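Asks: Going by our numbering, the sequence shown opens with residue 3, and the numbers climb by one from there. All C-beta atoms in this analysis are idealised placements derived from N, C-alpha and C, irrespective of residue type, glycine included. Quick caveat: nothing in here was measured; it's all calculated off a predicted structure.
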Amino acid sequence: MLNTEQRSPQFAIARSATLLGHRSSPGKAALARGALLTSDVRLWLKLVSTPLVGSLCKLLPAFRSRMLGNPRFLMVLAIEEAIGVAAKWSAEKSSRKDKFWKEFDFVLSDMALEVIGDFAVVWLLSPTRSFTPRAKSGLARYINALPGHALQVGKYKPAQRAAVVAYRGAQFFGVSFLASALGHSLTKYMVDRSRAQSPHVKAEGEEADKELAPVLDNSIAWGGFVASSTNLRYQLVNGFEERALDAYIRNPVLKSGLIFIIRFGNTFWGGAQWVQYAKLIGIQ
Numbered sequence: 003m004l005n006t007e008q009r010s011p012q013f014a015i016a017r018s019a020t021l022l023g024h025r026s027s028p029g030k031a032a033l034a035r036g037a038l039l040t041s042d043v044r045l046w047l048k049l050v051s052t053p054l055v056g057s058l059c060k061l062l063p064a065f066r067s068r069m070l071g072n073p074r075f076l077m078v079l080a081i082e083e084a085i086g087v088a089a090k091w092s093a094e095k096s097s098r099k100d101k102f103w104k105e106f107d108f109v110l111s112d113m114a115l116e117v118i119g120d121f122a123v124v125w126l127l128s129p130t131r132s133f134t135p136r137a138k139s140g141l142a143r144y145i146n147a148l149p150g151h152a153l154q155v156g157k158y159k160p161a162q163r164a165a166v167v168a169y170r171g172a173q174f175f176g177v178s179f180l181a182s183a184l185g186h187s188l189t190k191y192m193v194d195r196s197r198a199q200s201p202h203v204k205a206e207g208e209e210a211d212k213e214l215a216p217v218l219d220n221s222i223a224w225g226g227f228v229a230s231s232t233n234l235r236y237q238l239v240n241g242f243e244e245r246a247l248d249a250y251i252r253n254p255v256l257k258s259g260l261i262f263i264i265r266f267g268n269t270f271w272g273g274a275q276w277v278q279y280a281k282l283i284g285i286q
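#1: Going by the beta-carbon positions, is the gap between residue 67 and residue 170 smaller than 7 Å?
#2: Report back the beta-carbon spacing between residue 153 and residue 267 to the nearest angstrom; my notes put them in contact at under 8 Å.
#3: Pick out the complete alpha helix (DSSP H) segments inside the segment 68 to 155, 4 residues or longer, and give them in chain order.
#4: Between the alpha carbons of residue 226 and residue 40, how many angstroms are there, rounded?
#5: Which class does residue 232 belong to by DSSP, given the choice of helix, strand or coil?
#6: Reducing DSSP to helix, strand and coil, say where residue 252 ends up.
#7: Might you give, ordered along the chain, the residues of its own chain that have their beta carbon closer than 7 Å to the beta carbon of residue 81, omitting 5 neighbours on each side?
#8: So what's residue 284 in DSSP terms, helix, strand or just coil?
#9: When you compare the segment 177 to 194 with the segment 139 to 158, are there three or more beta-carbon pairs, one atom per stretch, that lie closer than 8 Å?
#10: Could you tell me the alpha carbon to alpha carbon distance between residue 220 and residue 59, rounded to whole angstroms?
#11: On the CB-based measure, 16 or more other CB atoms within 10 Å of its CB, does residue 236 come out buried or exposed?
#12: Between residue 287 and residue 78, is the Cβ-Cβ spacing less than 7 Å?
#13: Rounded to whole angstroms, what is the Cα-Cα separation between residue 46 and residue 70?
#14: Over the uninterrupted alpha helix (DSSP H) stretch that includes residue 288, give me the two end residues.
#15: If you follow the alpha helix (DSSP H) that residue 57 is part of, which residue opens it and which one closes it?
#16: Between the Cα of residue 106 and the Cα atoms of 179, 72, 196, which residue gives the shortest distance?
#17: Apart from the five residues on each side of it in sequence, which residues of its chain come closer than 6 Å, Cβ to Cβ, to residue 179?
#18: For residue 284, which option in 245, 230, 216, 247 has the closest C-alpha, if you only look at C-alpha atoms?
#19: Enumerate in chain order the residues of its own chain whose CB-to-CB distance from residue 155 is below 7 Å, with the five nearest sequence positions on each side excluded.
#20: Which whole-angstrom value describes the C-beta separation of residue 126 and residue 175, a residue pair presumed to lie in contact below a C-beta threshold of 8 Å?
#21: Does DSSP classify residue 214 as helix, strand or coil?
#22: Could you have a look at residue 52 and say whether DSSP puts it in helix, strand or coil?
#23: Reducing DSSP to helix, strand and coil, say where residue 257 ends up.
#24: Please report how far the alpha carbon of residue 93 lies from the alpha carbon of residue 43, in whole angstroms.
#25: Nearest to residue 163 by alpha carbon, out of 194, 182, 129?
#26: I think residue 109 touches residue 83, with their Cβ atoms under 8 Å apart; what is that distance to the nearest whole Å?
#27: Kindly give me the distance between the Cβ atoms of residue 115 and residue 182, rounded to whole angstroms, as I take these residues to be in contact under 8 Å.
#28: Leaving out five residues before and five after residue 120 in sequence, what residues of the same chain have Cβ atoms less than 7 Å from its Cβ?
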């Protein structure tokens, strides 16, 4: 049975426009079974009319579900990547000092790892809104029913909110472990190649004699750090943005500025935590 919003004239107009203007739209079946509201259809029409974004929404269901679940997904992703790259660049220059450009291969390796990690965090924690029917039974049904993050607005049980922290933690560990294994392996390869080509470098300073941590040890440590510290911090950041900023800040410029400040502080704090943790366990 349709609710009041679904029976409204606006819904009928939006439904007709979607069916006639986008016959191959993946939302057609969802509209037919009454799974979408007027707001969903209006947002979908806005997305498909946007250059590039519309094409990506049609081609990539996972991207589409995130844009529907969080219209500011791309803005958050851009802010997070910009902050991450800027903070990482600053940290690299600070730690490498006058060797920054001589070791630029290593810098690029670390920067690539940062970009991958930031993308994974934003992607996995973003709320979603899917056109496709949910699984009717089993583990897939339970996972599909979880919120995007622990503090997402909605009628979720405490057990579901706790479960999504553990679930995201497992996802973060897997992604971060693989990203670190790739990035750290590349860095070790470039270090070994550089030393083989310039054996006299060892005499130029104490840092040349330092060995990078084993790939497995570094990857496990990074995966564990992201699964715990990063996971919990971003759960809080996403919850604050949704429950405080979205609810009380109407000015888009002010909201974007606050999001930038919050995420910059979170990234800076996380970077400091990682350095302390890495030194504590002896991998740096």
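Replies: The short version:
#1: Counting from 1 along the sequence shown, the entry for residue 67 is found at position 65. Counting from 1 along the sequence shown, the entry for residue 170 is found at position 168. For residue 67 and residue 170, no; Cβs fall outside 7 Å.
#2: Here the question's residue 153 lines up with position 151 in the sequence shown. Here the question's residue 267 lines up with position 265 in the sequence shown. That pair is no contact at about 18 Å.
#3: Note on the segment 68 to 155: whole alpha helix (DSSP H) runs with a minimum of 4 residues are 75 to 98, 106 to 127, 140 to 146, in chain order.
#4: On the sequence shown, position 224 is the one that residue 226 refers to. On the sequence shown, position 38 is the one that residue 40 refers to. The straight-line gap from Cα to Cα measures roughly 42 Å.
#5: On the sequence shown, residue 232 is found 230 positions in, with the first residue counted as 1. In the structure shown, residue 232 sits in a helix (DSSP, three-state: H, G or I).
#6: As a working mapping, residue 252 is identified with position 250 in the sequence shown. DSSP places residue 252 in coil when its eight states are reduced to three.
#7: Here residue 81 refers to the residue found at position 79 of the sequence shown. Within the same chain, residue 81 has close Cβ partners 261, 262, 265.
#8: In the sequence shown, residue 284 corresponds to position 282, counting from 1. Coil.
#9: No, the segment 177 to 194 does not touch the segment 139 to 158.
#10: For the purposes of this step, residue 220 is taken as residue 218 along the sequence shown, with counting starting at 1. For the purposes of this step, residue 59 is taken as residue 57 along the sequence shown, with counting starting at 1. Pairing residue 220 with residue 59, the inter-Cα distance amounts to about 36 Å.
#11: Position 234 of the sequence shown, counted from the first residue, corresponds to residue 236. Flag for residue 236 reads buried.
#12: In the structure as shown, the chain starts at 3 and stops at 286, and residue 287 therefore has no counterpart that could be examined.
#13: Position 44 of the sequence shown holds residue 46. Position 68 of the sequence shown holds residue 70. One C-alpha to the other measures close to 7 Å.
#14: An answer regarding residue 288 cannot be provided, because it is not within the stretch 3 to 286 covered by the chain.
#15: Against the sequence shown, residue 57 aligns to sequence position 55. From DSSP, the alpha helix (DSSP H) with residue 57 extends over 55 to 61.
#16: If you number the sequence shown from 1, residue 106 lands on position 104. Checked all of 179, 72, 196; the closest Cα to residue 106 is 196.
#17: Walking along the sequence shown from the start, residue 179 turns up at place 177. Close CB contacts of residue 179 within its chain, under the 6 Å cut and outside five residues either way in sequence, are with 221, 225 (chain order).
#18: The residue you call residue 284 lines up with position 282 of the sequence shown. The residue with the shortest Cα to Cα distance from residue 284 is 216.
#19: Your numbering for residue 155 matches position 153 in the sequence shown. Counting only Cβ-Cβ distances below 7 Å, and skipping sequence neighbours, we find 244, 245.
#20: For this step, residue 126 is matched to residue 124 along the sequence shown. For this step, residue 175 is matched to residue 173 along the sequence shown. Going by Cβ atoms, the distance from residue 126 to residue 175 rounds to 11 Å, so no, they are not a contact pair.
#21: Locating residue 214 in the sequence shown gives position 212, where the first residue counts as 1. It is coil, neither helix nor strand.
#22: Counting from 1 along the sequence shown, the entry for residue 52 is found at position 50. Residue 52 carries a coil assignment under DSSP once its states are collapsed to helix, strand and coil.
#23: By 1-based counting over the sequence shown, the position of residue 257 is 255. Reduced to three states, the DSSP call for residue 257 is helix.
#24: For this step, residue 93 is matched to residue 91 along the sequence shown. For this step, residue 43 is matched to residue 41 along the sequence shown. Rounded to whole angstroms, the separation of the alpha carbons of residue 43 and residue 93 is 44 Å.
#25: Your numbering for residue 163 matches position 161 in the sequence shown. That would be 129, whose Cα lies nearest to the Cα of residue 163.
#26: Looking up residue 109 in the sequence shown gives position 107. Looking up residue 83 in the sequence shown gives position 81. About 17 Å separates the two Cβ atoms, so there is no contact after all.
#27: Locating residue 115 in the sequence shown gives position 113, counting from the first residue. Locating residue 182 in the sequence shown gives position 180, counting from the first residue. Rounded, the Cβ-Cβ distance is 7 Å, consistent with contact.
#28: The residue you call residue 120 lines up with position 118 of the sequence shown. Taken in chain order, the residues that qualify are 82, 83, 86.
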